[in-house]
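Asker: Counting in the numbering used here, the sequence shown runs from 48 upward without gaps.
Right, I'll just put the structure down here and ask away after.
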Amino acid sequence: MKKEGSKSRTIFTDKLHIESKTLFVDLKENDGGKFLQIAELSNARRSTVVIPFSGFDAFMETLQRIVAGEGVMEGSLPGNVNEEF
Numbered sequence: 048m049k050k051e052g053s054k055s056r057t058i059f060t061d062k063l064h065i066e067s068k069t070l071f072v073d074l075k076e077n078d079g080g081k082f083l084q085i086a087e088l089s090n091a092r093r094s095t096v097v098i099p100f101s102g103f104d105a106f107m108e109t110l111q112r113i114v115a116g117e118g119v120m121e122g123s124l125p126g127n128v129n130e131e132f
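Structure follows, in structure tokens:
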């Protein structure tokens, strides 16, 4: 994760256009280690999520469960994922 004054370098980057959104997926590294940065540009607003390298496995497992349809409540519409907050 980013530390004060720590400059990150990009290891890998990809840009996705999905509906009205543009997503930037970057694997970066700084003095604190590697991290995944996902930024969304939608209607001129930018939001960013950072996932430390130590969380990659858990993050990927969750994405795989979503793709497999696990955790979706009965009666939900196809393609919708119900939030469990």
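Where a beta carbon is used, it is the ideal one built from N, C-alpha and C, also for glycine.
Report the residue from E76, D61 and K75 whose alpha carbon sits nearest the alpha carbon of T69.
Answerer: Taking only the C-alpha atoms, the option nearest T69 is D61.
Asker: Helix or strand or just coil, what does DSSP make of E108?
Answerer: Residue state, collapsed to three classes: helix.
Asker: A91: which of S67, L110, T57 and G80 sits nearest, CA to CA?
Answerer: For A91, the nearest C-alpha among the options comes from S67.
Asker: Quick check on S94: does DSSP put it in helix, strand or coil?
Answerer: S94 falls in the strand class under three-state DSSP.
Asker: How about L88 and F103: are their beta carbons less than 8 angstroms apart?
Answerer: No, Cβ-Cβ distance for L88 and F103 is not below 8 angstroms.
Asker: Look at the alpha carbon of G116 and the alpha carbon of A86, and state the distance between them as a whole number of angstroms.
Answerer: Those two C-alpha atoms are separated by around 25 angstroms.
Asker: Is E130 helix, strand or coil by DSSP?
Answerer: In this prediction, E130 has a pLDDT of 49, which is less than 50 and means its spatial position is unreliable; nothing more can be read from the coordinates.
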